[in-house]
Amino acid sequence: MKGSKILVTGGTGQVARPVAEALVEQGNEVWCLGRFGTPGVEDELRARGITTWRWDMEDDSEYAFKGVPEDFTHVIHSAVRRGDDGDFNRAIDVNVSATGRLMAHCRTAESFLYVSTGALYARQTLDHAYTEDDPIDGVADWLPAYPVGKIATEGAVRALARVLGLPTTIARLNIAYGPGGYGGVPMLYFQRMLAGQPIPVPLEGQNWCSLLYTSDLVRQVPHLWAAASVPATLVNWGGDEAVGITDCVRYIEELTGVPADLVPSEVTRETYQFDPTRRRALTGPCEVDWRDGIRLTLEALYPDHIRR
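Read in full-length UniProt numbering, the sequence shown has 270 at position 270, and its numbers run on one by one without any break.
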């Protein structure tokens, strides 16, 4: 896409930053809102031609968006208060309130994309392919407040899409990964491998997921905007392939020679495999095989560890 005015929140993260950088390169006016806590990251975005604006989701004052234009054509809202402190009420209040203020500010946009999570689904079998109609419960032992905040915010987004008449897509993200940022969850596992730390895995079987490589993610965003509607469109946002986390870690072992200490555990970082049918109908198929994506990510971030 070209010639649009785009607002991005969470623009320093694994998902939104590559989107912002790709869209500005295509000839769009891109604004990134965030706290920019990492030294140098704001300057890096500005050097790419992106306009930055300091915004804290916890700022509920009337001045939170003072100076921010209202005439954006497209919005992607990826910023989140994860709730690492375990405060459920605060996670709900901050995420719902900040998202509501953002949607109200951008009520004239052509489309609004809210990035939710697949972690809110009620856990079924490890290899179950979750559809958008599967039940949710918001139980995640590895980060309990996170999916609860997402469920609450999805409710607010659905309501405001109707009240404001703002075409909206709610995209429940699987695992995004690639050369940008820290590389995504597969590289978190590789960091544990390098440190000799154990990686918890299920007592039986393995966790499954739908890895989504950066270039596929970036390419799909305009399609998700195009699918925005009132009431909001709901879609699972992941890759086309079912990927076992244990298989993924073993493949990283194969590429690097770094051993993985897989330890059976009752509590793991649960992941979810998506049925890609609805997303493929909106965006078309993915282009990057997960093995190619893992290799490309390692080559970019850990070139000295790749076996030659």
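Backbone N, C-alpha and C fix where the C-beta goes; we use that ideal spot for every residue, glycine too.
Sequence ranges, beta strand (DSSP E) only - wholly within the segment 205-256, length at least 3: Inside the segment 205-256, DSSP marks whole beta strand (DSSP E) runs of 3 or more residues at positions 211-213, 233-237, from first to last along the chain.
Expressed to the nearest angstrom, what Euclidean distance is found between the alpha-carbon atoms of S61 and F112? Your numbering for residue 61 matches position 61 in the sequence shown. Your numbering for residue 112 matches position 112 in the sequence shown. Those two C-alpha atoms are separated by around 22 angstroms.
Confirm, please, whether the CB-CB distance from V263 to C209 is below 8 angstroms. As a position in the sequence shown, residue 209 is number 209, starting the count at 1. As a position in the sequence shown, residue 263 is number 263, starting the count at 1. Cβ distance not < 8 angstroms, so C209 and V263 don't count as in contact.
Please return the same chain residues whose Cβ sits closer than 7 angstroms to the Cβ of G184, not counting the five positions on each side in sequence. Numbered from 1 along the sequence shown, position 184 holds the residue referred to as residue 184. Taken in chain order, the residues that qualify are Q14, I175, A176, Y177, G178.
What ranges does the beta strand (DSSP E) occupy inside the segment 151-213, keeping only unbroken runs of at least 3 residues that lie completely in it? 168-173, 175-177, 198-201, 211-213
Sub-8 angstroms separation of A20 and V30 beta-carbons: For the purposes of this step, residue 20 is taken as the residue at position 20 of the sequence shown. For the purposes of this step, residue 30 is taken as the residue at position 30 of the sequence shown. It is a contact, given that the beta carbons lie within the stated cut-off.
Using a Cβ-based criterion (distance less than 7 angstroms to any ligand heavy atom), does V96 qualify as near the ligand COA? Ligands displayed in this structure: none; no statement on the ligand COA is therefore possible.
What's the C-alpha gap between T125 and T9? Here residue 125 refers to the residue found at position 125 of the sequence shown. Here residue 9 refers to the residue found at position 9 of the sequence shown. Between T125 and T9, the C-alpha separation is close to 34 angstroms.
Would the segment 279-287 count as touching the segment 226-245 if we require 3 or more Cβ pairs under 8 angstroms? yes
Can the beta-carbon of L102 be found less than 8 angstroms from the beta-carbon of H77? Taking the first residue of the sequence shown as 1, we reach residue 102 at position 102. Taking the first residue of the sequence shown as 1, we reach residue 77 at position 77. Yes, the pair counts as a contact, with Cβ atoms nearer than the cut-off.
G149 and I199 closer than 8 angstroms at C-beta: Mapped onto the sequence shown, residue 149 falls at position 149. Mapped onto the sequence shown, residue 199 falls at position 199. Cβ distance not < 8 angstroms, so G149 and I199 don't count as in contact.
Suppose you measure from the CA of R54 to the CA of L203; what does that come to, to the nearest Å? On the sequence shown, position 54 is the one that residue 54 refers to. On the sequence shown, position 203 is the one that residue 203 refers to. When rounded, the distance between both Cα atoms is 45 angstroms.
Starting from the C-beta of I306, find all residues in its chain whose C-beta is less than 7 angstroms away, skip the five residues before and the five after it, and write them out in chain order. Along the sequence shown, read from residue 1 onward, the residue named residue 306 stands at position 306. Closer than 7 angstroms at Cβ, skipping near neighbours: L255, T256, L298, E299.
Neighbourhood of A79 by C-beta distance below 7 angstroms, restricted to the same chain and skipping five residues each side: In the sequence shown, counting from the first residue as 1, residue 79 sits at position 79. Contacts found: T9, G10, G34, M57.
Between G293 and Y189, how many whole angstroms is the CB-CB distance? I'm expecting something under 8 angstroms. As a first step, residue 293 must be located in the sequence shown, where it is residue number 293. As a first step, residue 189 must be located in the sequence shown, where it is residue number 189. The distance from the Cβ of G293 to that of Y189 is about 14 angstroms, inconsistent with a contact at the 8 angstroms cut-off.
Please report the residue range of the beta strand (DSSP E) in which I76 lies. By one-based count along the sequence shown, residue 76 stands at place 76. Unbroken beta strand (DSSP E) run through I76: 74-77.
Could you pull the DSSP bridge partners for Q26 from this structure? Residue 26 sits at position 26 when you count from the first residue of the sequence shown. For Q26, which the question treats as bridged, DSSP gives no partner whatsoever.
C-alpha distance - D85 paired with L164, whole-angstrom precision: Start at 1 with the first residue of the sequence shown, and residue 85 comes out as number 85. Start at 1 with the first residue of the sequence shown, and residue 164 comes out as number 164. D85 and L164: Cα-Cα distance of roughly 33 angstroms.
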